[in-house]
Amino acid sequence: MLKIRRRLIAITATLLCSVALSSSASAAERYELIDPPQNTSNPDTVEVLEFFWLGCPHCYSLEPTIEAWQKDIPSNVTFVREAPPLNPSWEQHSRGFYAAQLLNQEHAFVEAMFKAIHEDGKRMRKPGEVADLAAELGMDRDKFLKTMKSFAVQTRMNRSIQLAKGAGITGVPAIIINGKYRTGAQLAGGNAGIVDVINETIAMEKQSMGLE
2 MLKIRRRLIA
12 ITATLLCSVA
22 LSSSASAAER
32 YELIDPPQNT
42 SNPDTVEVLE
52 FFWLGCPHCY
62 SLEPTIEAWQ
72 KDIPSNVTFV
82 REAPPLNPSW
92 EQHSRGFYAA
102 QLLNQEHAFV
112 EAMFKAIHED
122 GKRMRKPGEV
132 ADLAAELGMD
142 RDKFLKTMKS
152 FAVQTRMNRS
162 IQLAKGAGIT
172 GVPAIIINGK
182 YRTGAQLAGG
192 NAGIVDVINE
202 TIAMEKQSMG
212 LE
């Protein structure tokens, strides 16, 4: 029974990872409007928010595109990430992400976790495994493990779930521009299309906010 339950959780996790790519395939536009619009982390900039899961192959596939796009973003655009545990099997990945974020090691951790999971074939579902990877990056293992279990991390996880609900997120990867526009690879016509939508909606928002 336990094996069946674990398999069902794994199947659900995979579906959540892919649903963001398929749910709006018939939409005429390349993005959807969020109603009501959501608050952003900084009202003085245009926010680009990515919802993702470290174990998601589609998120991993999108990563090089996002990395390249980030190199040229202007100062009045903010890029942030959220890793909500939309499935129980995502929990330790989410805890690790927010622990790394609190310790100012987000980028290095995300890069290393993507490699471990999608290139090296590791599941990274146990707290100790995630902490071991953090130690390989030069972080204190015990401190990282303690941070993973902390109230601060739990608070960020809870907040990420609420943000996902508010933005109408049912799967990942999903991109939200300034709390108003939601897109993904299928809707935008591929990873390159996501960047086009991001840039177009950023331009629209900058104009409406008087940031040009």
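The sequence shown runs 2 to 213 under the numbering used here.
No residue lacks a Cβ here, since even glycine has one placed at the ideal position from N, Cα and C.
All values reported here derive from a predicted model rather than from experimental measurement.
Tell me which residues share the same chain as residue i and place their Cβ nearer than 6 Å to its Cβ, disregarding the 5 neighbours each side in the sequence.
i: residue 192; result: 63, 66, 186
i: residue 79; result: 43, 46, 48
i: residue 77; result: 46, 212
i: residue 82; result: 51
i: residue 202; result: 178, 182
i: residue 96; result: 149, 154
Determine which residues share a DSSP beta bridge with residue i and list them.
i: residue 1; result: Outside the modelled stretch of the chain, which goes from 2 to 213, sits residue 1, for which no answer is possible.
i: residue 175; result: 52
Answer with buried or exposed for residue i, where buried requires no fewer than 16 other C-beta atoms within 10 angstroms of its C-beta.
i: residue 139; result: exposed
i: residue 88; result: buried
i: residue 220; result: Since the displayed the chain opens at 2 and closes at 213, residue 220 lies outside it and no answer follows.
i: residue 71; result: exposed
i: residue 209; result: exposed
i: residue 204; result: exposed
i: residue 37; result: exposed
i: residue 98; result: buried
i: residue 120; result: exposed
i: residue 172; result: buried
i: residue 102; result: buried
i: residue 30; result: exposed
i: residue 21; result: With a pLDDT of 48 at residue 21, under the threshold of 50, the predicted position of this residue should be treated as unreliable, and no value is reported.
i: residue 223; result: The structure shown does not extend to residue 223, since the chain spans only 2 to 213, so no value can be given for it.
Give the range of the beta strand (DSSP E) segment to which residue i is assigned.
i: residue 82; result: 78-83
i: residue 47; result: 47-52
Among the residues of its own chain, which have a CB less than 7 Å from the CB of residue i, if the five just before and after it don't count?
i: residue 74; result: 80
i: residue 196; result: 66, 70
i: residue 168; result: 35, 39, 177, 183
i: residue 115; result: 55, 61, 64
i: residue 181; result: 34, 35, 38
i: residue 92; result: 86
i: residue 147; result: none
i: residue 100; result: 145, 148, 149, 154
i: residue 41; result: 48, 179, 180
i: residue 27; result: Confidence at residue 27 is low in this model, with a pLDDT of 32, below 50, so the placement of that residue is unreliable and no value is reported for it.
Considering only residues of the same chain and omitting the five flanking positions on each side of residue i, which have a CB-CB separation below 8 Å?
i: residue 118; result: 55, 56, 61, 124, 125
i: residue 113; result: 134, 137, 138
i: residue 199; result: 49, 70, 176, 178, 184
i: residue 32; result: 178, 182, 183, 184, 188, 189, 198, 202
i: residue 58; result: 18, 119
i: residue 68; result: none
Let's see if you can read the secondary structure: which residues bound the alpha helix (DSSP H) around residue i?
i: residue 200; result: 192-210
i: residue 62; result: 58-71
i: residue 133; result: 128-137
i: residue 87; result: Taken as a continuous stretch (DSSP letters only), residue 87 belongs to no alpha helix (DSSP H), as it is neither H nor E.
i: residue 162; result: 152-167
i: residue 146; result: 142-149
i: residue 213; result: Run containing residue 213: none; DSSP gives neither H nor E here.
i: residue 120; result: Here residue 120 belongs to no alpha helix (DSSP H), and DSSP marks it neither H nor E.
If contact is defined by three or more beta carbon pairs under 8 Å, each pair taking one atom from either stretch, is the stretch 126-146 in contact with the stretch 155-174? In short, these stretches do not touch, since the Cβ pair count stays below three.
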